[in-house]
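K.L.:
Structure below; questions to follow.
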Amino acid sequence: MMNILLVEPNFPLPDKSKNHGSKTRAQFLPIGLLKIGTWHKTHGDRVRLVRGLRAAGMKPDRVLITSLFTYWSAAVHAAARYYHARYPAAAIEVGGIYASLMPDHCRVALPFAEVFQGLYRGGLVENVTPDFSLLEEDLDYQVLHTTRGCTRHCSFCGTWKIEPEFTFKRSIVAEVQKQRLVFYDNNFLANPYVDEILRELIDVRLSRGRRLICECQSGFDLRLLTPARARLLREANFKAPRIAWDGPYDRWPKVKAGVDLLKQVGYGRKDIFVFMVYNHDRRYKEMRAKLDACRRWKVRVVDCRYRPLDRPFDNYRPGPTRQTAADYHIHPAWSDDEVRRFRRAVRHQNIAILLDLPNGRYLAGCERRKVGSKSACPMSPRPIIIRCDGGDLHPEAALA
Ligand code: SF4
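Be aware that the sequence shown starts at 37, since it is given in the working numbering, and climbs by one per residue.
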């Protein structure tokens, strides 16, 4: 029997964003570590999970540290050094997204650690149920995958590098434990059995006849969103559907058709979101045209600031203070001012759409007049779960 310590580094997230939750717009949960925990427990090991830097309550033989975005590498280094100093006899192992994408960078920074790429032990725990009891919090939802990897190879996305093989399940219903399901698939609709899976989700009835409530963390691939599938998504009670518009402005008829399709099957316009990568190949002017199209369709936008896959830091600070490319990645076709203006335009437009302002045009200070009213706060719309750090989705997070 071994003592296994699972570590989620102290990523720079607000505490409320550590978990999904019914009251929070949370985004990150160390689901991989929870699966690894199950596997080791069933093989007789003693397992603990710590989030951040603190005493483990055991003397670990192995310390397994996860990593996320490359620009959060400093938190991973800090965790590895902390646990190496605290438990010098333990083997320190680092895996996850950053370790997979920049293994050499990680090895240089942490010469005492073993760095692993890809899924844990080649997918050993892929079909293992996560051990949520390792968390201190009691979650009211469950995270599931029906696929791994992606069938596409978008240049800005790291999914297909981390999970190069596209794999899929034919059924998911045997894994359902809770009413609220959050799918962490990168490209949910790419599963060749997605229709069958949606049908089985539709048929599930919990105690007292309750139906499932589903959400897909990534956006739906517009090219795979057929009318029949949109209906199935709606019937399966998928909330807050999101579609990605990474292509040029002139694709707007297809995007509009996707938005209209979601409306036709019963989604309200305030339920629908459009993902957009900015600070990338599409220039500011074109991005504003895309944003304006969403204003006309009265749907909100999730803006995703592009960051290169090999950038181990990101010191972008929101707000009016000017920064340079030494602070964060600014695409050669963009300027710091444009990055800030685009982000601000998205925020304002989303507020205007949420508040039903005429033509979706923002009026300065309109959100303050709503504070205290019973209407939804425009700054904190009802919880949506996206791989987006308040509008800063890293390209490593899938946008499908
Ligand atoms: S952006 Fe989406 S569709 Fe493109 S490779 Fe990533 S997950 Fe797949």
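Don't be surprised by glycine CBs; every beta carbon is placed ideally from N, CA and C.
(1) Quick one: is Pro45 buried, meaning 16 or more other Cβ sit within 10 Å of its Cβ, or exposed?
(2) Cα separation between Arg206 and Asn227?
(3) Using the three-state DSSP reduction, which class does Cys186 fall into: helix, strand or coil?
(4) DSSP three-state call for Arg82: helix, strand or coil?
(5) How is Asn39 classed by DSSP in three states: helix, strand or coil?
(6) Would you say Cys402 and Leu391 are within 8 Å of each other, going by their C-beta atoms?
(7) Taking Met38 as the reference, give the member of Val86, Glu201 and Asp97 with the closest Cα.
(8) Are the CB atoms of Val337 and Leu327 nearer to each other than 8 Å?
(9) Excluding the 5 residues preceding and the 5 following Tyr437 in the sequence, name in chain order all residues of the same chain whose CB lies nearer than 7 Å to its CB.
(10) Which residue from Ile387, Asp350 and Tyr320 puts its Cα closest to that of Lys334?
(11) How many whole angstroms separate the CB atoms of Leu170 and Gly88, which I take to be in contact at a CB cut-off of 8 Å?
(12) What would DSSP say about Val212, mapped onto helix, strand or coil?
(13) Does DSSP classify Leu180 as helix, strand or coil?
(14) Determine the closest residue to Ser109 out of Asp140, Thr357 and Glu173, with distance taken between C-alpha atoms.
(15) Is Ile128 helix, strand or coil when you go by DSSP?
(16) Given Thr182, which residues of its chain have a CB within under 7 Å of its CB, disregarding the five upstream and five downstream residues?
(17) Hey, Glu236 and Lys275: beta-carbon distance below 8 Å or not?
(18) Run the proximity test for Thr195: is its beta-carbon closer than 7 Å to any non-hydrogen atom belonging to the ligand GTP?
(19) Any heavy atom of the ligand SF4 closer than 7 Å to the Cβ of Asn315?
(20) From Asp350 to Tyr107, what does the alpha carbon distance come to, in whole angstroms?
(21) Curious, which full-length beta strand (DSSP E) runs of at least 3 residues does the segment 291-329 contain?
(22) In this structure, what does DSSP give as the bridge partners for Asp339?
(23) Could you tell me the alpha carbon to alpha carbon distance between Leu393 and Arg332, rounded to whole angstroms?
(24) Which full runs of the alpha helix (DSSP H) of 4+ residues lie inside the segment 214-253, going along the chain?
P.N.:
In brief:
(1) buried
(2) 8 Å
(3) coil
(4) strand
(5) Under the three-state reduction of DSSP, Asn39 is assigned to strand.
(6) yes
(7) Shortest Cα-Cα distance from Met38 to any of Val86, Glu201 and Asp97 involves Asp97.
(8) yes
(9) The chain is shown only over 37 to 436; residue 437 falls outside these bounds and no answer can be derived.
(10) Ile387
(11) Leu170 to Gly88, Cβ: 14 Å. No contact.
(12) coil
(13) strand
(14) Taking only the C-alpha atoms, the option nearest Ser109 is Asp140.
(15) Ile128: strand per DSSP, three-state reduction.
(16) Phe204, Lys205, Ile208, Phe219, Asp221, Phe224, Asn227 and Ile233
(17) Going by C-beta atoms, Glu236 is not nearer than 8 Å to Lys275.
(18) Among the ligands present in this structure, namely the ligand SF4, the ligand GTP is not found.
(19) No, the Cβ of Asn315 stays beyond 7 Å of every heavy atom of the ligand SF4.
(20) If you draw a straight line from the Cα of Asp350 to the Cα of Tyr107, it is about 5 Å long.
(21) 309-314
(22) Met312
(23) 12 Å
(24) DSSP runs (the alpha helix (DSSP H)) wholly in the segment 214-253: 230-239.
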